[in-house]
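With this note's numbering, the residue at position 180 of the sequence shown is 1527, and numbering never jumps. Accompanying notes for the structure given below.
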Amino acid sequence: MKKFIVAIMGLLMGLLILYSNDVYASDVSVRYNTHVQFKGWIPFVSDGVMSGTEGESLRLEGLAIEVQGNENLGIRYSAHVQNVGWQEYRSNGAQSGTIGRSLRVEAVKIELTGADAKEYDVYYRVHAQNYGWLGWAKNGFASGTEGYGYRLEAIQVMVIKKDQLGPDTNAVSFHSKNGGSLIEYKAHVESVGWQAEVKDGALSGLVGQSKRMEAVAVELGSILPSGNLIYQAHVQNKGWMSEVTNGQLAGTEGLGLRVEAFRFRLEGKVADAYGIEYRTHVQNKGWMPWKKDGEISGTTGESLRVEAIEIRLYEKPQDYINQKDHAVYTIIVDSLNLRQEPNVGSARVAVMPRGSKVKVFEIVNGWARLDYNGKTGYANASTSYMKYEYDVFKEPIPMVLELGGGKEIYQKEDVKLSGTTLAYAGVYDVKAYLDGKEVYVSRYSDAEASSIYTKYPNKDLAFYQIDLSHTTISAGDHTLVVQMESNYRNITSKSVKFKMVKNDPVLTVEGIKNGDPVPADAAEVRGIALSDSGVKEVRYHVNGSYRGNAVMGLASNGSNYPDYPNADKAGYSFVLSKEVFTKDMNTVKIELISNDGTVVYKNIIVQGNGPDTLIMENYPSSLTSYVDKEYINAQKYVGSGTAVWQKIRDNMDPGNFIYDDINRYIFMDLSYSEEYFEVSVEQLNEMLSGRGVLSGMGQAFLDAGIQYKVNPFYLIAHSLLETGNGTSVLANGQTVDVIYSKFGDINSPSTPVPQEDLGKLVYNVFGIGAWDVNPNLWGAQKAYTEKWFSVEEAIMGGAKWISTNYIHRANPQNTLYKMRFNLGENMTHQYATDIEWARKQASRIKSQFDSLGVNVPKRYIIPIFK
1348 MKKFIVAIMG
1358 LLMGLLILYS
1368 NDVYASDVSV
1378 RYNTHVQFKG
1388 WIPFVSDGVM
1398 SGTEGESLRL
1408 EGLAIEVQGN
1418 ENLGIRYSAH
1428 VQNVGWQEYR
1438 SNGAQSGTIG
1448 RSLRVEAVKI
1458 ELTGADAKEY
1468 DVYYRVHAQN
1478 YGWLGWAKNG
1488 FASGTEGYGY
1498 RLEAIQVMVI
1508 KKDQLGPDTN
1518 AVSFHSKNGG
1528 SLIEYKAHVE
1538 SVGWQAEVKD
1548 GALSGLVGQS
1558 KRMEAVAVEL
1568 GSILPSGNLI
1578 YQAHVQNKGW
1588 MSEVTNGQLA
1598 GTEGLGLRVE
1608 AFRFRLEGKV
1618 ADAYGIEYRT
1628 HVQNKGWMPW
1638 KKDGEISGTT
1648 GESLRVEAIE
1658 IRLYEKPQDY
1668 INQKDHAVYT
1678 IIVDSLNLRQ
1688 EPNVGSARVA
1698 VMPRGSKVKV
1708 FEIVNGWARL
1718 DYNGKTGYAN
1728 ASTSYMKYEY
1738 DVFKEPIPMV
1748 LELGGGKEIY
1758 QKEDVKLSGT
1768 TLAYAGVYDV
1778 KAYLDGKEVY
1788 VSRYSDAEAS
1798 SIYTKYPNKD
1808 LAFYQIDLSH
1818 TTISAGDHTL
1828 VVQMESNYRN
1838 ITSKSVKFKM
1848 VKNDPVLTVE
1858 GIKNGDPVPA
1868 DAAEVRGIAL
1878 SDSGVKEVRY
1888 HVNGSYRGNA
1898 VMGLASNGSN
1908 YPDYPNADKA
1918 GYSFVLSKEV
1928 FTKDMNTVKI
1938 ELISNDGTVV
1948 YKNIIVQGNG
1958 PDTLIMENYP
1968 SSLTSYVDKE
1978 YINAQKYVGS
1988 GTAVWQKIRD
1998 NMDPGNFIYD
2008 DINRYIFMDL
2018 SYSEEYFEVS
2028 VEQLNEMLSG
2038 RGVLSGMGQA
2048 FLDAGIQYKV
2058 NPFYLIAHSL
2068 LETGNGTSVL
2078 ANGQTVDVIY
2088 SKFGDINSPS
2098 TPVPQEDLGK
2108 LVYNVFGIGA
2118 WDVNPNLWGA
2128 QKAYTEKWFS
2138 VEEAIMGGAK
2148 WISTNYIHRA
2158 NPQNTLYKMR
2168 FNLGENMTHQ
2178 YATDIEWARK
2188 QASRIKSQFD
2198 SLGVNVPKRY
2208 IIPIFK
């Protein structure tokens, strides 16, 4: 007897030691009981203790589970029952399964609910017929078997706080006869119909047979936690169709309509564990990049069919889920105020426009504490104002993004860059952008990274490489940005700058030249088009309208251009009929488009048969040389960069404007004589009606035009622009107390104005002397020194100043163009700094000429460059 007691004590101690290895700490308790074949309901047990039987071959028929110790935590569960399948979820002690029907439970899913559900994990495992104890499952994943007809015999359940150690979940917890896929899908294909179902990233549809996909049906695997798959198809002639869920058809069947794009997303508990990613094979484009979680895959607006699709789930990080850093939301109203404090009366920090992505750190009492472009504050967290996108988790160790292999200057060379990317939970994606445009990145596994970065458990595809052909990169400065996204949804980036050096493209034009009359019949235009990157096409336009592409690849003298590829076949040619020249003055634009996107062009001006006079003024240098000089000026008041240079070049090329009925006034001769055309005071006053202080000043403008031989219409247009239609401070008069000894320098010595001039108003209606740094101050200083004490005096004096200093000076600046771009004096002595000043003036002058009601003959002076 004594030996028996000792043996029993030893067995109990062994069981205690064995059980102690499976004890996990938690501040809540879960209790549960089961309904067992022949036994009925057996008593409740708690926190990992077995409920059911082991070794007796008795089926579980029902179960009930509840959580204790936290009123903000609940639990729900679903049973997979013989002849029934997955039942609806039951919650907080309610019965799941069946009673009195002798039906076995074959699998279960268990998940937490309530406000604190994200702070805990629920673990469970089952004892299954023919398998014994299966691995631990967690947070809604299936545990048991499906399709085999095997009974469950026992279960263990425990709830563990996320920052506490739980059971190992690596062992298999669920066996399904269909293979246990995460996602299953099938495509409906043109002339084929519904294909067989595939799963987990396999191809559905057809590639290389030019057949359209017409629909898709997609279902989540039964192993997954609760939730929904929501998806949508963009269909020919219908656009985006209504969203469907869980196995329903997206697209059409029997209508012969192509699907052009898809998008998929998950919601519910399954979205906590997985995201969804997918890619489509598109007509003329091939496989598109992988998209995920609601992004569009395919095309819209291009009438291209989707031919195949691949869909898979990706696992979201779980190891550090308790260390969430923030959530990303999208603003879904036109504008939302960011405030200093969480109330509507608080000061506004910023206005967030629709589509803005913001980092939300917490939501309390309907207010979100967030970050918007580096500004922190509070915003109304209503779901009508902002939409949840995803959570971002803290990285336990720093992300690694290396970028190397580049140079500062490339001489017509390919650009090759490479590096390593690593993150604790793995790298989800690596993207690269050249000047904002995405370029291809190839990714490989890197054995060297595996040996150096030992702290990173996931080193798959740690190496990346970027190969860019020089033929796709234009000459000039470029920025390449590499962006890495971890599986914790954190993003980091690095950038490099480099310069690509190439020869300037060559574009010559023969067969037509500036000032030629309209050809009697037709004109053959020919020339040479060369680029270091190769020429993609040569286009030609007449008067701003595209007319066609030139024939390319014609024989040419390559010896003149030894540094260019294919220089012996660089010729081009096209024919222009006389019917395309419909204007009094016409522009033929020849445009070279390089493979790298560089565009250069030449304009040729052809004179029509209208009543106006066209005067060609020849200049000794090329247009480019004058643009370069003006670009030096522009850097002082506009800025620098390729876009600024190109804007100057476009505004200095007469061919871009001369054919236009409005913009041709840029080149109109601004000198005036009564012999040119007659103007009445009544006409001018009608133009000035309602124009502030300029209203009724028609006589003053006419007198000024006659006396100083300046076009009165130009004077009015100029004045209206500078004074904001007669409403500016300068036009309405200011007083001047002191005169500065150095004009434009407020720190120079000043002298008080005479007593008799104190309080007198001075007027400036042409903005003369109104320097940008302080236009009202210096415009008034100029008006005082010129003694413009009335609007009439400002009009007369301003006209004299314009005539003397521009229109009739020794080197006449007698067009808007020459006032803005003074070619004759190396881009000095220019009236305005606004690059588009001449064009803006032209529309006003044109409208005033139109008001005459007669076609007044005009003279146009056109610069012709070497």
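All residues carry an ideal CB built from backbone N, CA and C; glycine is no exception.
query                                                                                                                       : result
Nearest-angstrom Cβ-Cβ length linking Ala2064 and Arg2191, presumed shorter than 8 Å                                        : 3 Å
Euclidean distance between Cα positions of Trp1992 and Tyr1978                                                              : 6 Å
The segment 1998-2007 in contact with the segment 1965-1974 per 3-pair CB rule at 8 Å                                       : yes
Residue from Leu1877, Arg1894 and Ala1897 with nearest C-alpha to Ser2254                                                   : Not covered by the structure: residue 2254. The range shown for the chain is 1348 to 2213.
Ala1475 to Val1653 span [Cα, whole Å]                                                                                       : 44 Å
Local Cβ density within 10 Å of Asp1468, reported as buried at 16 or more and exposed below that                            : buried
Straight-line Cα distance separating Thr1819 from Gly1783                                                                   : 14 Å
Segment contact, 8 Å Cβ cut-off, at least three pairs: the segment 1451-1465 with the segment 1391-1409                     : yes
For Asn1980, the three-state DSSP class (helix, strand or coil)                                                             : helix
For Tyr1835, the three-state DSSP class (helix, strand or coil)                                                             : coil
Which of helix, strand or coil DSSP assigns to Val1370                                                                      : Any reading at Val1370 needs caution, since the residue's pLDDT is 47, under 50, leaving its predicted position unreliable; the model's value is listed next. Correct three-state label for Val1370: coil.
Gly2091 burial status per 10 Å Cβ neighbour count (16 or more: buried)                                                      : exposed
Beta-carbon proximity check, Phe2004 vs Ile2013, cutoff 7 Å                                                                 : yes
Nearest-angstrom Cα separation, counted from Leu2049 out to Ile2209                                                         : 27 Å
Exposure label - Leu1854; buried when at least 16 CB within 10 Å                                                            : buried
Neighbourhood of Glu1401 by C-beta distance below 8 Å, restricted to the same chain and skipping five residues each side    : His1474, Glu1500 and Ala1501
Buried versus exposed, by CB contacts within 10 Å (16 or more), Leu1512                                                     : exposed
Whole-Å CB distance - Tyr2067 paired with Gly2045, under 8 Å assumed                                                        : The residue you asked about is not Tyr; residue 2067 is Leu in the sequence shown. Actually they do not touch by this definition, with Cβ atoms about 13 Å apart.
Proximity winner among Asn1593, Leu1613 and Val1582, relative to Thr1646 (alpha-carbon distances)                           : Val1582
CB-CB length for Thr1592 against Ile1577, believed under 8 Å                                                                : 5 Å
Closest by C-alpha distance to Val1519, when choosing among Lys1846, Ser1924, Asn1712 and Ile1570                           : Ile1570
Boundaries of the beta strand (DSSP E) in which Pro2210 is found, first to last residue                                     : Arg2206 to Ile2211
First and last residue of the uninterrupted beta strand (DSSP E) at Trp1714                                                 : Trp1714 to Tyr1719
Close beta carbons around Lys1350, own chain, < 7 Å, minus the five adjacent residues each side                             : With a pLDDT of only 36 at Lys1350, under the threshold of 50, the placement of this residue in the model should not be trusted; the figure read from the coordinates follows. Result list for Lys1350: empty, nothing under 7 Å.
Cut-off 8 Å between Cβ atoms - residues of its own chain near Ala1655, not counting five sequence neighbours on either side : Ala1534, Leu1550, Ser1551, Gly1552, Leu1553, Val1554, Met1560, Thr1627 and His1628
Whole-angstrom C-beta distance between Ala1441 and Asn1411, which should lie under 8 Å                                      : The question names Asn, but residue 1411 is Ala in the sequence shown. Correct: roughly 7 Å between the Cβ atoms.
Cβ-based neighbour list, Ile1940, same chain, cut-off 8 Å, excluding 5 preceding and 5 following                            : Val1882, Lys1883, Glu1884, Val1885, Arg1886 and Val1946
Cα-Cα separation, Phe1611 to Gly1633                                                                                        : 20 Å
Inter-residue CB distance, Ile2086 and Val2076 (contact presumed, cutoff 8 Å)                                               : Not quite, the Cβ-Cβ distance comes to about 19 Å (not below 8 Å), so this is no contact.
Between the CA atoms of Tyr1757 and Gly1823 - distance to the nearest angstrom                                              : 10 Å
Identified DSSP bridge partners for Asn1727                                                                                 : Trp1714
Proximity of Ile1875 and Leu2017 at Cβ, strictly below 7 Å                                                                  : no
Among Gln1595, Lys1585, Ala1618 and Tyr1436, nearest to Gly1603 - alpha-carbon criterion                                    : Lys1585
Inter-residue Cα distance where the pair is Val1428 and Gly1494                                                             : 11 Å
Pick from Ser1644, Met1588 and Leu1651 that is closest to Ser1557, judged by C-alpha positions                              : Leu1651
Cβ contact check for the segment 1891-1908 and the segment 1983-1990: 3 or more pairs under 8 Å                             : no
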